[in-house]
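Protein chains in written order, with the working numbering: chain S, 199 to 515; chain Y, 199 to 515.
No residue lacks a Cβ here, since even glycine has one placed at the ideal position from N, Cα and C.
Note that this is a predicted model, so its numbers are computed, not measured.
Here's the structure we're looking at; comments come further down.
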């Protein structure tokens with residue numbers, strides 16, 4: 199059974215890690231958002247990709263959700279002496295990832311090929327693909343004007359009220375060949391508990407992705423629990439965009455292709471509303487901070503889908 | 199009195215440091231070789247410039263002559279995991295210098311402007327200018343073929359016998375405007391005890407430099423003591439090129455413009471041969487590892503030149 203995970207940063211990394219713990223690596227593929235990529239001191243930084251990469255390589259910082267534990271900050275301190283901008287925190291080991299990636303990228307190596315080299319070097323057996331080889335940059339429309347994503351997310355700590363989004367470069371971007379190939383043969387697509395606007399949104403915005411998902415078995419894990427996001431600004435964004443900060447809003451967003459939805463137990467009362475949308479639901483514990491919780495949730499999702507009548511993906515499994 | 203030092207790496211940095219300790223900073227300018235610059239993982243590295251910069255900023259590693267003391271090596275270790283080449287050792291703080299420089303350089307900022315920003319950020323009051331804003335790359339002809347300078351110097355540890363040199367890019371390079379301006383008004387030009395082939399050679403090879411030096415008062419400090427270089431391959435190169443490994447060979451090389459030559463006391467017997475070339479000589483202790491020794495040698499050179507009859511630079515002082 200070929201499982202494809204659509205992932206953003208921390209939530210995506212944790213969900214991917216869970217599936218990686220309960221499946222043969224060759225049956226699992228992660229497609230990662232690149233909308234939050236940006237250039238920092240001339241280096242191409244891919245925060246979501248690196249979070250997934252480091253998590254699956256076992257070198258992610260469990261406390262911050264980004265960076266490498268025990269990393270040092272000497273390059274950043276020196277950049278600060280030079281007057282460089284340092285609001286985006288890059289540790290010394292992490293910096294090497296950006297230097298290595300940028301070196302290849304400037305030579306014209308595709309982002310997908312770079313991704314392959316990085317994950318193989320770190321011993322990650324699961325395939326990780328950036329959603330696109332072409333640059334797509336999320337821009338956030340706020341009450342203070344348009345902000346580049348990392349300006350909004352890191353520098354401004356998600357404070358300015360959000361009014362909308364745009365994806366710079368989208369008109370020249372397409373799903374990478376690797377991502378398209380795996381999506382076309384996926385038996386199950388799992389949308390990780392990532393921000394539906396800025397983590398999953400860019401993937402869905404690529405041409406042809408929604409039609410592809412409509413032909414596949416797609417389930418999503420809610421990043422919203424009891425009206426709150428465990429991490430990040432998803433719930434705050436919903437409120438600012440005039441939507442209900444709720445798991446239901448997530449399900450509605452994915453309605454054109456969603457077959458199943460995983461809700462946290464605190465949202466059990468929402469199950470009938472999900473059923474009313476024509477979507478199956480699984481109510482369980484979706485807090486997946488620990489490796490054990492991640493693996494347990496992945497196992498539950500696989501078991502749940504396998505028990506569908508008719509079995510999910512029947513004829514394709 | 200305006201003093202200009204022509205400098206390579208460690209010898210140049212130490213000599214510049216000596217003058218900086220005994221002169222008002224506004225009267226001193228250092229012009230630094232860029233022939234050993236190279237690109238490393240897509241970053242522009244200027245080893246000689248950085249050695250002078252770090253030395254004058256008081257953050258040079260006194261043991262190695264390069265890098266920053268107490269620096270960490272985490273980015274390099276990570277680059278090694280990615281399969282990147284790591285024979286050129288870059289510490290984490292040092293890496294920031296290359297990242298910052300490259301970021302500006304790729305935006306089209308001149309190397310001289312970058313130099314100004316770097317040294318001002320590190321509080322270096324003495325002006326340091328790269329010899330040229332255009333890339334000049336020293337290539338070393340060896341028994342094993344042509345090698346890029348750092349390949350020869352670091353990777354191959356100066357082992358392959360040297361047969362000659364070439365400067366890639368020289369045909370498109372010129373003395374930087376800043377370096378030209380200070381050389382045109384210098385009262386005294388001091389050629390630091392740097393390698394005459396690969397540290398001073400590229401500066402002299404720039405169009406117009408030798409004629410400029412012929413109009414100025416130029417003294418050189420021998421990098422060769424008792425037939426040996428204190429550091430680096432200068433003496434070994436002389437032997438391989440069929441020249442006598444001797445301070446006299448250095449003086450002969452600078453003969454077209456040299457007015458005075460500073461010899462180590464171990465080479466006192468060579469003084470008559472230097473005089474026979476029509477060059478004044480100062481025999482003293484030229485080992486300048488310590489800050490005190492550097493300052494003492496600089497003071498001695500200034501006093502020596504001031505006592506010339508007629509006084510050096512008379513009419514220009």
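Buried versus exposed call for residue i [16 or more other C-beta atoms within 10 Å across all chains shown]
i	result
residue 480 of chain Y	buried
residue 264 of chain Y	buried
residue 285 of chain Y	exposed
residue 262 of chain S	exposed
residue 260 of chain Y	exposed
residue 370 of chain S	exposed
residue 443 of chain Y	buried
residue 317 of chain Y	buried
residue 415 of chain Y	buried
residue 348 of chain S	buried
residue 409 of chain S	exposed
residue 483 of chain Y	exposed
residue 287 of chain S	exposed
residue 453 of chain S	exposed
residue 515 of chain S	Note that residue 515 of chain S scores a pLDDT of 36, beneath 50, so its modelled location is shaky and nothing firm can be said.
residue 391 of chain S	buried
residue 364 of chain S	exposed
Own chain residues within Cβ distance below 8 Å of residue i, not counting five before or after
i	result
residue 341 of chain Y	358, 359 and 361
residue 232 of chain S	244, 246, 247, 309, 328, 329, 330, 333, 334 and 400
residue 303 of chain Y	242, 309 and 312
residue 412 of chain Y	454 and 455
Straight-line gap, residue i to residue j (C-alpha atoms, nearest Å)
i	j	result
residue 441 of chain S	residue 421 of chain S	15 Å
residue 283 of chain Y	residue 324 of chain Y	35 Å
residue 332 of chain S	residue 243 of chain S	14 Å
residue 389 of chain S	residue 277 of chain S	38 Å
residue 486 of chain Y	residue 492 of chain Y	5 Å
residue 234 of chain Y	residue 240 of chain Y	16 Å
residue 417 of chain S	residue 269 of chain Y	48 Å
residue 339 of chain S	residue 397 of chain S	16 Å
residue 513 of chain S	residue 476 of chain S	Only weak support exists for where residue 513 of chain S lies, its pLDDT of 44 falling under 50; the coordinates are left without a value.
residue 382 of chain S	residue 395 of chain S	23 Å
residue 271 of chain Y	residue 507 of chain Y	54 Å
residue 437 of chain S	residue 293 of chain S	35 Å
residue 237 of chain S	residue 280 of chain Y	20 Å
residue 290 of chain S	residue 274 of chain S	8 Å
residue 488 of chain Y	residue 229 of chain Y	22 Å
residue 378 of chain Y	residue 350 of chain Y	30 Å
Secondary structure of residue i, DSSP reduced to three states
i	result
residue 354 of chain Y	coil
residue 462 of chain Y	strand
residue 389 of chain S	strand
residue 256 of chain Y	coil
residue 289 of chain S	coil
residue 226 of chain Y	strand
residue 559 of chain Y	Absent from the model: residue 559 of chain Y. The displayed extent of chain Y is 199 to 515, so no value can be given.
residue 303 of chain S	helix
residue 216 of chain Y	helix
residue 416 of chain S	strand
residue 340 of chain S	strand
residue 409 of chain S	helix
residue 328 of chain S	strand
residue 270 of chain Y	coil
residue 334 of chain Y	coil
residue 499 of chain Y	helix
residue 203 of chain Y	strand
residue 426 of chain S	strand
residue 346 of chain S	strand
residue 320 of chain S	coil
residue 439 of chain S	coil
residue 380 of chain S	helix
residue 373 of chain S	strand
Cutoff 6 Å; reference residue i; Cβ partners in own chain excluding five residues on either side
i	result
residue 227 of chain S	202, 325 and 380
residue 356 of chain Y	431
residue 445 of chain S	420, 422, 461, 465 and 468
residue 220 of chain Y	493, 496 and 497
Same chain, Cβ closer than 7 Å to residue i, five either side skipped, listed in chain order
i	result
residue 222 of chain Y	none
residue 297 of chain Y	241
Partners in chain B for residue i, counting only beta-carbon separations shorter than 9 Å
i	result
residue 341 of chain Y	The question asks about chain B, but that chain is absent: this structure's protein chains are S and Y.
Residue i beta carbon near the ligand SAH (any heavy atom closer than 7 Å)
i	result
residue 279 of chain S	Among the components modelled here there is no ligand, and therefore nothing to report on the ligand SAH.
Are at least three pairs of beta-carbons, each pair with one atom in the segment 208-219 of chain S and one in the segment 367-376 of chain S, less than 8 Å apart? The count of Cβ pairs closer than 8 Å, one atom from the segment 208-219 of chain S and one from the segment 367-376 of chain S, stays below three, leaving the stretches out of contact.
If contact is defined by three or more beta carbon pairs under 8 Å, each pair taking one atom from either stretch, is the segment 455-464 of chain S in contact with the segment 481-500 of chain S? Short answer: they touch.
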